[in-house]
Structure formats: C-alpha cells, structure tokens
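Everything in the first sequence is counted per full-length UniProt numbering, starting at 1 for the first residue and increasing by one.
We put the beta carbon where it would ideally sit given N, CA and C, even for glycine.
Values in this document were obtained by computation on a predicted structure and should not be read as measured data.
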Amino acid sequence: MSDTVATPSTATFDQFGLSADILKAIAEQGYTTPTPIQAQAIPVVLAGRDVMGAAQTGTGKTASFSLPIIQRLLPLASTSASPARHPVRALILTPTRELADQVAANVQAYAKHTALRSAVVFGGVDMNPQSAELRRGVEILIATPGRLLDHVQQKTANLGQVQILVLDEADRMLDMGFLPDLQRILNLLPKDRQTLLFSATFSGEIKKLAATYLRNPQTIEVARSNSTAANVTQIVYEVAEGDKTGAVVQLIRERNLKQVIVFCNSKIGASRLARQLERDGVVATAIHGDRSQSERMQALDAFKRGEIEALVATDVAARGLDIAELPAVINFDLPFNAEDYVHRIGRTGRAGASGDALSLFSANERKQLQDIEKLIKRPLDVERLVVDSPVRHHHDERGSARRGRDERDERGSRRRSGGGFERSSGGHAHRQAPIDDFFLKPYEPSPSALSAASARRDETENVPQKPASKQPLAALLGGFGMPRKTTSS
DNA sequence: AAAAAAC
C-alpha cells in the first residue's frame, strides 16, 4: 500500500463515490467543494485505512471522517426497530462536551437521509435520556470518555461491535489526562477495527498512542501544525495588569466588534470579567468548567445566535468549537500553554475571512509571550495601549468607567494604515473586515429525535450480506486481523 | 500556575 495520497484535482463531492443520500445531505448543508483535508481523508477512510490526521479546527475535519464513516456503515443500516439491529459500530471520542455535541449535530445532519442512527453522550447532564437512546440502538456514538465509561458500566453501552473508532483532538485528550480512560475504552473494542486519530500536533505521546493503537496509518496533514493562518492579524497590546478590563472594553468599542471571544486563563477570572463587561454595557457571558452544563450550552447558544457580544471563555472554548468566523478574538491573558494560543486565535480568520487576534500583555507575562513567539517562529508586534477609561473593580459605576462610552477618545492605540482603528473625520471609518458578511449559523443542540418514523416501518429484516457497494463488508469488518499490541511499558 | 472531564 502506498503511503502517498493523490489529491484529487476535481473539486466536488461527487468524486468520492458517496451515496446519493449523503450527497443530498451535503448539498443541504450548502457544501459544494471539499476542503483539503476532506479531499485527502475521505478516500483513505473509505478504503478502510487507519488515519493519523493533523488538522486545525475549521478545516472541515469533522466531515472528513463523518462522511466516509456514514458511507461505510450504510450497508449495515437497518430500518428495523430492534435494538439488536443497531449496535454501536462507530465511536467518536472528543475531549469536551461542547465538541461532542457539535460533532453529533454534524453527524446527524449528514446521516439524516439514511437509516443510520446516532447519539451523543457526555457528562453534566441527566443520564436517563442518553440511556434510553442507547437502548433503542445507535450505529454512531459520539461521546466524552468519562460518561461513556459510565454507560458501559451501567450496561447501556456495548462497544463489542465497534468497527471504526475516531479520536478527535487526541492531543487535547492526553493533555487532559484522559489516557487511562482511553486505554480502558480501547480495551473494550474489537482489536480488528479501523482507527482514525486526529490531533493538532504530533507530539511524542501522540506518536506513541498511534504506534500502540493504529495499524499502518496513513498520515494526512493539511495545515502545518503550530502554524497560524496568514489571514489573521496578530497584535499584542502592552497594558498594565489593572487596565486589562478597560482595555477589553476599549478594543470592543473602538474596533466596533459585534462579537468577540475573550479568553481568560482562569474560571474565576472569566466570570469576573464577564460581570465587569456587563457593568460597562457590553452584553457578555462566561463559559467555563465551573458553570453548569446547561449554562454552558445556553451561553454558547446565545452567542451563536448573536445575542451576546462578548463570550468570555477559558480554554474550554479554545479548541474545536465551530463558531462561524469571528472578526476578532481577544486574549485577556496570554495562555500558559503556547499551543493554546494557536488554538485560541484559530477562532478568528477562518474560511478565508480576515480576522484580528488581539492579545493583552502585562509585565508578568513575558515568559508566555516568549513561548508563543518561539512556537509560531516569529516575533509579534507589541504596541502600547493607553487605556483611557479604566474600569473600577469595586463599586464605581459612574465616573471613569462610564466616560469611556461617551467620549470614546482613542489616544494611544494606533495601527498601521488600513487597520480598524482610525476614525475618518466626523464619522465611522470602515473596518477592513466587512461586518455585513459576518453572520452566525444558528446553533443546533444535538437533536435527539432521530427519524423514528422510518425505523418503525420494516420489521422484516435485511441482514446485510453482500452489499452492492464498492466497499465489501469484509473490508468494512477489517480483513487482516493483525494482532494488536495492547499497551505495555 | 490553569484548564478540562464521571458520579
């Protein structure tokens, strides 16, 4: 088997041999042209090979594995209502709950004209609806590791028939200490299966994981990891620590940012900043791990609907979240982990649009800045930002905090010409990024209601024996039966 | 140092 992938030159989804039901769903999503990772990964996944994929979020990664998985499982799709006809055949693991929900929404959309069922399980919410769905049977299960193991223990999830495993954001899962959970899950799966591992970076740990659990994987790399998109303008503003809140307000006002994600390093800091922004007239809400799952979902939902100007987030939102491209992100703190910087600013300037990554930098963050510059292999422009409306942290609702809104004078922060800051005489300067083009796709939380109607119809079961498709069942089931090392060392 | 994730 060759290790090179020919990137197809034609630019439509027709070239992959996907079924009409899948193509229809793709068209309904408004997608016409495969992204680079889709063009590379779809044929490889369809061919049944293991994949080691490096791709940033926003590159179309989810579709690159979901579409071929659905295609491969189609011969096994059943309209029977019997749960036994709907064992879990594809398992997709993600590090965060929000990401799981989002992947599930995508899978649901792509599979909606097929008889395949999908479900998502993650923690922080009632187990019972999840259990009920699992008992009905689903072919494609999206999950965070902890809750999945919970379901396994409760015997509501059986992973004995999984043929395809996806580890999404694998590096993140390792960072978060999921390795023991992953190993436990992997030990529950048939050894003979297809495994797809996606990771932003190929660290030594990731390579070890791949060496242990993948079989002759095809490496697919689209954007060089640790690279930052060329269409993202990165600016670092030096500002006194105590002026950071005022700086955020000022940046939002001066740049006329309709929507922005503001990243903080701590959960408490995020909550506090959200409150202070609200006090200063910015519609803001916080999203972090100490908020309840329903609060997290509501916050994200409201932000996606455009009801919130500033989503103040910890790194729970740094990776994976598929929010339509934002005009800007702000780093309230520089992240301790330089890689998180790359992920955070990946929330802007996506899909070809331009974006600004604005980072606040105070004297005690020199180390973080150095690490970031080392990682992205270039120095960052540092400008001084004079904050003229410092936000009081106590009970000062009047006075200086309010002055910023009325006067909006912007000494200090000046950029190169063409930037978003300058004011033309007596009116609004035009921003470089056309704000009119910016809209948010409505967020759809995982629809749990599958096409139950069609599941009812046909009780006379057609057990798939010889699928007429290009993917023979034998290939789907694996084929080689190579013994797999279980982890040692 | 901090974040995330099962109860």
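Helix, strand or coil for residue 403 per DSSP? On the first sequence, residue 403 is found 403 positions in, with the first residue counted as 1. Low confidence applies here, because residue 403 scores a pLDDT of 34, under 50, leaving its location unreliable; read the following figure in that light. Helix, per DSSP.
Residue 137 (DSSP reduced to helix, strand or coil): Start at 1 with the first residue of the first sequence, and residue 137 comes out as number 137. In the structure shown, residue 137 sits in coil (DSSP, three-state: anything other than H, G, I, E or B).
Beta-carbon separation (whole angstroms), residue 288 vs residue 313, contact threshold 8 Å: Counted from its first residue, the first sequence places residue 288 at position 288. Counted from its first residue, the first sequence places residue 313 at position 313. Confirmed, Cβ separation roughly 7 Å.
Quickly, what does DSSP pair residue 260 with across the bridge? List them, please. Residue 260 sits at position 260 when you count from the first residue of the first sequence. DSSP, once it has assigned bridges, lists 310, 328 as partnering residue 260.
Nearest-angstrom Cα separation, counted from residue 315 out to residue 334: Along the first sequence, read from residue 1 onward, the residue named residue 334 stands at position 334. Along the first sequence, read from residue 1 onward, the residue named residue 315 stands at position 315. Rounded to the nearest angstrom, the two C-alpha atoms are 11 Å apart.
Please report the straight-line C-alpha distance between residue 24 and residue 212, rounded to a whole angstrom. On the first sequence, residue 24 is found 24 positions in, with the first residue counted as 1. On the first sequence, residue 212 is found 212 positions in, with the first residue counted as 1. Near 38 Å, if we compare the C-alpha coordinates of residue 212 and residue 24.
What residue does the beta strand (DSSP E) around residue 98 start on, and which one ends it? For the purposes of this step, residue 98 is taken as residue 98 along the first sequence, with counting starting at 1. Counting along the chain, residue 98 falls outside any beta strand (DSSP E), though it belongs to the alpha helix (DSSP H) covering 97–110.
At what residue ranges does the stretch 363–390 contain a whole run of the beta strand (DSSP E), taking only runs of 3 or more? 382–384
Name the DSSP bridge partner or partners of residue 254? Residue mapping note: residue 254 aligns to position 254 of the first sequence, counting from 1. Answer by DSSP bridge pairing: none, since residue 254 is not bridged.
Same chain only: Cβ atoms within 7 Å of residue 345, ignoring 5 sequence neighbours per side: One-based indexing of the first sequence puts residue 345 at position 345. Cβ neighbours of residue 345 beyond the five flanking positions: 228, 232, 234, 329, 357.
Which same chain residues, not among the five before or five after residue 271, have their C-beta less than 6 Å away from its C-beta? Here residue 271 corresponds to residue number 271 of the first sequence, with the count starting at 1. Around residue 271: 286.
Cβ of residue 122 within 9 Å of Cβ of residue 100? The count along the first sequence starts at 1 and reaches residue 122 at position 122. The count along the first sequence starts at 1 and reaches residue 100 at position 100. For residue 122 and residue 100, yes; Cβs fall inside 9 Å.
When the Cα atoms are used, what is the spatial distance from residue 51 to residue 69? Residue mapping note: residue 51 aligns to position 51 of the first sequence, counting from 1. Residue mapping note: residue 69 aligns to position 69 of the first sequence, counting from 1. Taking the straight line from one Cα to the other gives about 12 Å.
Terminal residues of the alpha helix (DSSP H) in which residue 293 lies: The residue given as residue 293 occupies position 293 in the first sequence. Residues 293–304.
Which of the three DSSP states is assigned to residue 66 in this structure? In the first sequence, the residue the question calls residue 66 occupies position 66. Three-state DSSP puts residue 66 in a helix.
Just reading off the alpha helix (DSSP H) that residue 318 is part of, what are its end residues? Numbered from 1 along the first sequence, position 318 holds the residue referred to as residue 318. Note, residue 318: premise wrong, no alpha helix (DSSP H); not H, not E.
Taking all protein chains shown into account, do 16 or more other C-beta atoms lie within 10 angstroms of the C-beta of residue 268, making it buried, or fewer, making it exposed? Position 268 of the first sequence, counted from the start, is the residue given in the question as residue 268. It is exposed - the Cβ of residue 268 has fewer than 16 other Cβ atoms within 10 Å.
In terms of residue numbering, what span does the beta strand (DSSP E) encompassing residue 234 cover? Along the first sequence, read from residue 1 onward, the residue named residue 234 stands at position 234. Element bounds for residue 234: 232–238.
Which one or two residues does DSSP pair with residue 241 in a beta bridge? Within the first sequence, numbered from 1, the residue matching residue 241 stands at position 241. Answer is none; residue 241 lacks a bridge partner.
Any idea if residue 382 is buried or exposed, counting beta-carbon neighbours within 10 angstroms, 16 or more meaning buried? Residue mapping note: residue 382 aligns to position 382 of the first sequence, counting from 1. With fewer than 16 Cβ atoms within 10 Å of its Cβ, residue 382 is classed as exposed.
Who pairs with residue 164 in a beta bridge, going by DSSP? For the purposes of this step, residue 164 is taken as the residue at position 164 of the first sequence. Answer is 90, 194, bridged to residue 164.
With a Cβ-Cβ cutoff of 9 Å, do residue 490 and residue 84 count as a contact? There is no way to answer for residue 490, as the model of the chain reaches only from 1 to 489.
If we count the other Cβ atoms within 10 Å of its Cβ and call it buried at 16 or more, is residue 265 buried or exposed? Here residue 265 refers to the residue found at position 265 of the first sequence. Buried, by the Cβ-count rule.
Rounded C-beta distance between residue 162 and residue 190? I'm assuming under 8 Å. Residue numbering aside, residue 162 sits at position 162 when the first sequence is read from its first letter. Residue numbering aside, residue 190 sits at position 190 when the first sequence is read from its first letter. Indeed they touch by this definition, with Cβ atoms about 6 Å apart.
Could you tell me which residues DSSP pairs with residue 361 in its beta bridges? Within the first sequence, numbered from 1, the residue matching residue 361 stands at position 361. 238.
Between residue 140 and residue 253, what straight-line distance do the alpha-carbon atoms span, to the nearest angstrom? To locate residue 140, count along the first sequence from 1; it is residue 140. To locate residue 253, count along the first sequence from 1; it is residue 253. Whole-angstrom Cα-Cα distance: 45 Å.
Taking the straight line between their C-alpha atoms, what separation do you get for residue 48 and residue 194? Taking the first sequence and counting its residues from 1, the one referred to as residue 48 is at position 48. Taking the first sequence and counting its residues from 1, the one referred to as residue 194 is at position 194. Computed Cα separation, rounded: 6 Å.
How many Å lie between residue 28 and residue 187 at the Cα? Residue numbering aside, residue 28 sits at position 28 when the first sequence is read from its first letter. Residue numbering aside, residue 187 sits at position 187 when the first sequence is read from its first letter. About 38 Å.
Buried or exposed (CB count within 10 angstroms, at least 16 for buried), residue 216: Here the question's residue 216 lines up with position 216 in the first sequence. Its Cβ having fewer than 16 others within 10 Å, residue 216 is exposed.
Relative to the alpha-carbon of residue 366, which residue among 340, 387, 336 has its alpha-carbon at the smallest distance? Indexing the first sequence from 1 puts residue 366 at position 366. Looking at the Cα atoms, 336 is the closest of the given residues.
Inter-residue Cα distance where the pair is residue 135 and residue 81: Along the first sequence, read from residue 1 onward, the residue named residue 135 stands at position 135. Along the first sequence, read from residue 1 onward, the residue named residue 81 stands at position 81. Roughly 11 Å separates the two Cα atoms.
CB residue 182 to CB residue 167, shorter than 9 Å? For the purposes of this step, residue 182 is identified with residue 182 of the first sequence, where counting begins at 1. For the purposes of this step, residue 167 is identified with residue 167 of the first sequence, where counting begins at 1. It is a contact, given that the beta carbons lie within the stated cut-off.
For residue 310, which option in 343, 361, 368, 250 has the closest C-alpha, if you only look at C-alpha atoms? For this step, residue 310 is matched to residue 310 along the first sequence. The shortest C-alpha separation from residue 310 is found at 250.
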